[in-house]
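Heads up: the protein sequence lines correspond to chains A and B, in order.
Every position in the first sequence, counted from 1, becomes a number in my numbering once 58 is added.
Every position in the second sequence, counted from 1, becomes a number in my numbering once 103 is added.
Cβ atoms here follow ideal geometry from the backbone N, Cα and C, with glycine treated the same way.
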Amino acid sequence: MIKLPIYNSGPTDLQPRYTCVNVEDVYQVDKVATAGSVYDVIHIHYSTPSMNAGDFLRASIDYTRGTATVVTDQDIENLKDLIASANQNPSSTPEFELIGARSATASTIDEYQVVDIQIKSEDPASA
Amino acid sequence: MSNYIKIPLAVNPARSFVTGALDGTATGGGTVGGSGASAAQALVGGSGSGATATVTKGMDATIAAATITIVGIGEGYKVGDVVTIAILSSGGATTWTAEISYTILAADLVASSGSSTEPFFLMPIDNVGAVVKGSTNTEAIVELKQSNATGVGADYVAKYTITMDDAPATDKWALQADVAAAVIKAASAENAQPEVKFTSGAECLSVVLS
């Protein structure tokens, strides 16, 4: 399990509260563009099968707040490392934060906070 | 070992009516006359306010045979509250000559699954996929890492739907964070069964697995 800051959840944007997502059985992590080349969604692919033959489960972590890319290649690498670490330490619940949050201001920090999460069934071949 | 979170279920919380015919039988009303649904009348008394209902004459002139239909759901009513409807002697539809009295039943109000013998919902967290915000400010979703039907998309994943009363008010982000905080705590402490602490004292009406 890892935790992620939620948009609009705390007393201020600088004091977000958290949601959590399961990171066991993750075999792939990638960034996704919701429009053109604006990358603002992370997909975590599980090896957990769904009821459709050949389909599996996937978590979508959605940071969509505007028209700017907030998820970078380095974020994906950092998340993979965090997932490995979380699975090595089963009772830990480390926080995942996008790199951009480190240099964000009080008025832009919310662009790096999670707007939505969903678990879905998907066909990996068409994802 | 399975780990759990405890979601407190409100016991007979103050809540709204559901629209539609009342489930029980009213008393009083004197002689019921006319025909067709009356204009909406206020339900007075009990612990709530704001509810309105129409009265429609039944097969005879007693209020027991009439149908009382909630049209305004109000807020703050409890099972066992006694509410009254004042005399209505004109209006061109159903009328009655004495005050109507009605004792609220559980089926008349928004569903609530808490009771003195079931004060908590115990939710296992081992297969929790993510804690997700609901579509309204009275709902939080805990999606499981488990498919529940054949198909592609979010509708084919098993989930717990946590339904809250609308008063005291909270919001979907706070609800998501409240539930997630307990899941995180349970995941971090193998022998703990943390209780969800709802922001603003919000009251949980039910938890349903689907």
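Cut-off 7 Å between Cβ atoms - residues of its own chain near residue i, not counting five sequence neighbours on either side
i	result
D181(A)	G112 and D113
L225(B)	Y107 and K109
E82(A)	N145
P222(B)	P111, L112 and V114
T122(B)	I173, V174 and I176
L72(A)	A164 and I167
Residues bridged to residue i (per DSSP)
i	result
D120(A)	V99(A) and D174(A)
F114(A)	P107(A) and E180(A)
V235(B)	I244(B)
M226(B)	I108(B)
Y85(A)	Y85(A) pairs with nothing; no bridge assigned.
P63(A)	Y76(A)
T187(B)	V147(B) and S204(B)
R118(B)	Y180(B)
W199(B)	V135(B) and L191(B)
Whether residue i touches residue j by CB criterion (9 Å)
i	j	result
A261(B)	S313(B)	yes
Q176(A)	E246(B)	yes
H103(A)	K89(A)	no
K61(A)	I287(B)	yes
A156(B)	T197(B)	no
F120(B)	D211(B)	yes
N110(A)	A233(B)	no
A169(B)	V135(B)	yes
S250(B)	S184(A)	no
A283(B)	R123(A)	no
Whole-Å CB distance - residue i paired with residue j, under 8 Å assumed
i	j	result
A143(B)	V174(B)	5 Å
T166(A)	A290(B)	Between A290(B) and T166(A) the Cβ distance is about 31 Å, and since that is not below 8 Å, they are no contact.
A201(B)	I190(B)	6 Å
A214(B)	L146(B)	Actually they are not in contact, since the Cβ atoms of A214(B) and L146(B) sit about 19 Å apart, beyond 8 Å.
D281(B)	F301(B)	5 Å
Within-9 Å CB hit, residue i to chain A
i	result
T273(B)	no
K236(B)	yes
E341(B)	The structure shown has nothing for residue 341(B), since chain B only spans 104 to 313.
E242(B)	no
I171(B)	no
Q279(B)	yes
Q249(B)	yes
I287(B)	yes
N115(B)	no
Y263(B)	no
T246(B)	A quick correction: the sequence has Glu, not Thr, at residue 246(B). Output row for E246(B): interface = yes.
V299(B)	no
V260(B)	yes
Same chain, Cβ closer than 6 Å to residue i, neighbours up to 5 away in sequence not counted
i	result
D133(A)	L156 and I157
K181(B)	N115, A117 and S150
D269(B)	T241
A167(B)	T128
P271(B)	S303, G304 and A305
A117(A)	V79, I102 and I177
G161(B)	A168 and A169
V158(B)	S141, A169, I171 and T197
Own chain residues within Cβ distance below 8 Å of residue i, not counting five before or after
i	result
V128(A)	Y97, D98, Y121, L156, G158, E169 and Y170
N136(A)	F154 and I157
V172(A)	L62, P63, I64, Y65, T77, I119, D120 and Y121
T130(B)	I166, A167, I203, S204 and Y205
K138(A)	V87
I244(B)	V234, V235, K236, G237, K262, Y263, T264 and I265
D131(A)	K89
Interface flag, residue i vs chain B, CB-CB below 9 Å
i	result
Q86(A)	no
D71(A)	no
T106(A)	yes
S149(A)	yes
Q176(A)	yes
N80(A)	yes
Y76(A)	yes
I100(A)	no
A142(A)	no
Y121(A)	no
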